[in-house]
Ligand SMILES: Cc1cc2nc3c(=O)[nH]c(=O)nc-3n(C[C@H](O)[C@H](O)[C@H](O)COP(=O)(O)OP(=O)(O)OC[C@H]3O[C@@H](n4cnc5c(N)ncnc54)[C@H](O)[C@@H]3O)c2cc1C
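Encoded structure:
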């Protein structure tokens, strides 16, 4: 059993940490206030090639594992930033790397790795279907050498900040397939072409949420995409998406863990410095213990995250570990967020302290991209062998 990070992983962490330090609290606070996108930060992370961690070396990426990719995203959140600006590129990379054709990979991956193209958006969730992805209604109908896409998606984040879009649509009606997971297909859409040649085929409206998040309602109106946009086999899109879920959950766990450490470190520093009743508030066990408890929860989730990543990178089954790491990490970061807010008293609600911003940001990890009920359902069904509720 080996628990220590490798020297290369330590190096990577230190380098990402140094890059993140160039984007201090004020930067993220200003973006939050203005509801603006972290353009400069994402550009810097891309230029340094960290976002190409999961792109194989043959396609000019760093060719690293999910373990290393998760270290990058953890450090972003641990620095006080928010990985949401850029995590999609890593979340969806598996779909293209594992299921894309050689020509597609040669065409797109080196350009993404170099930062010439941004793949920051995936368009899956729909209003009526919600968590039941196989019930989506967006269709892609084959028409000669093209597909015609029609439908509506309610949460397509960063579509305005992306050049490429991963789109899930139905190519065979649900009634016509014996297995509802079949008949869905995955496409890589070149948004630059769409914007230039078919601006009316894509309607985009931003949704304002409780945190600074670039997320949009998207309507596809007779959008014509070349048949070469199809990734892998027609009808197998759901499997391809599921295939990426373990990596997504591990990466998400690492982001939440980064938040968790940020909350505990901030709170401990404040609790050492803030003096009330003639002593540091951190001397009171009512302040100290919730922080110690949250720290222990984060450390435990962190171990499971590394185990899941280790299994993933070794090509082993890791569904249970990846799901449990996501569950525990999102709960641990939330416990840390509350302890940190309490430690700061009234100042926790003041934006200059950044606690209220991170508090809003970290809450999302329990809900999206997958909610914790469905994670528990996975453990109940697949690990404990209990009957499925849906
Ligand atoms: C800020 C933000 C950004 C997002 N970005 C993207 C994106 O870029 N691309 C994309 O495709 N999607 C995106 N999403 C969508 C996200 O993945 C969904 O919100 C999430 O999958 C849940 O779907 P829903 O909101 O429709 O909830 P619903 O499916 O309506 O569920 C509502 C509640 O019911 C519970 N529930 C439902 N079914 C069950 C069940 N069988 N057992 C127990 N509980 C159940 C859930 O736990 C949940 O709490 C984003 C969401 C948010 C909030």
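Residue numbers (the working numbering): 2 to 391.
All residues carry an ideal CB built from backbone N, CA and C; glycine is no exception.
Keep in mind that this is a model prediction, so the values were computed, not measured.
{"query": "Same chain only: Cβ atoms within 7 Å of residue 390, ignoring 5 sequence neighbours per side", "result": "378"}
{"query": "Which listed residue (223, 16 and 251) has its alpha carbon closest to that of residue 66", "result": "251"}
{"query": "Same chain only: Cβ atoms within 6 Å of residue 373, ignoring 5 sequence neighbours per side", "result": "328 and 367"}
{"query": "Any beta strand (DSSP E) of 3 or more consecutive residues that is wholly inside the region 81–149", "result": "120–124 and 140–144"}
{"query": "At least 3 beta-carbon pairs within less than 8 Å: the region 325–343 vs the region 287–300", "result": "yes"}
{"query": "Cβ contact check for the region 200–213 and the region 108–117: 3 or more pairs under 8 Å", "result": "no"}
{"query": "DSSP state of residue 4 mapped onto helix, strand, coil", "result": "coil"}
{"query": "Contact set for residue 53: own chain, Cβ-Cβ below 6 Å, skip 5 residues either direction", "result": "62, 63 and 114"}
{"query": "4-residue-minimum alpha helix (DSSP H) runs that sit fully inside the region 162–227, ordered along the chain", "result": "192–198"}
{"query": "Check: residue 132 C-beta below 6 Å from any heavy atom of ligand 1", "result": "yes"}
{"query": "Any non-hydrogen atom of ligand 1 closer than 6 Å to residue 123 Cβ", "result": "yes"}
{"query": "The region 226–237 contacting the region 91–111, beta-carbon criterion three pairs below 8 Å", "result": "yes"}
{"query": "Contact test: residue 391 Cβ vs ligand 1 heavy atom, cutoff 6 Å", "result": "yes"}
{"query": "Local Cβ density within 10 Å of residue 254, reported as buried at 16 or more and exposed below that", "result": "buried"}
{"query": "Residue 241 classed as buried or exposed, judged by whether at least 16 other C-beta atoms fall within 10 angstroms", "result": "buried"}
{"query": "Closest by C-alpha distance to residue 239, when choosing among 172, 277, 6 and 292", "result": "172"}
{"query": "Minimum C-alpha distance to residue 359 - residue among 309, 257 and 13", "result": "257"}
{"query": "Which residues DSSP lists as bridging residue 47, in chain order", "result": "According to DSSP, residue 47 bridges with nothing at all."}
{"query": "Any non-hydrogen atom of ligand 1 within 6 Å of residue 206 CB", "result": "no"}
{"query": "Contact test: residue 158 Cβ vs ligand 1 heavy atom, cutoff 6 Å", "result": "yes"}
{"query": "Residue 282 in three-state terms, based on DSSP", "result": "helix"}
{"query": "Proximity test, residue 78 beta-carbon vs ligand 1 heavy atom, cut-off 6 Å", "result": "no"}
{"query": "Given 8 Å, three or more beta-carbon pairs between the region 268–282 and the region 309–325", "result": "no"}
{"query": "Alpha carbon of residue 280 to alpha carbon of residue 295, nearest angstrom", "result": "23 Å"}
{"query": "Continuous alpha helix (DSSP H) assignments of at least 4 residues falling wholly in the region 269–325", "result": "286–314"}
{"query": "Enclosing alpha helix (DSSP H) for residue 359 [first to last residue]", "result": "356–364"}
{"query": "Residues of its chain near residue 376, where Cβ-Cβ distance is below 7 Å and the 5 sequence neighbours each way are ignored", "result": "324, 327 and 328"}
{"query": "Three-state secondary structure assigned by DSSP to residue 369", "result": "coil"}
{"query": "Contact under 7 Å by Cβ, residue 132 with residue 157", "result": "no"}
{"query": "Which listed residue (69, 26 and 342) has its alpha carbon closest to that of residue 265", "result": "342"}
{"query": "Residue 218 to residue 121 span [Cα, whole Å]", "result": "15 Å"}
{"query": "Alpha-carbon to alpha-carbon, residue 293 and residue 94", "result": "36 Å"}
{"query": "Residue 390 (DSSP reduced to helix, strand or coil)", "result": "coil"}
{"query": "Residue 369 Cβ short of 6 Å to ligand 1 heavy atom set", "result": "yes"}
{"query": "Sub-7 Å separation of residue 142 and residue 152 beta-carbons", "result": "no"}
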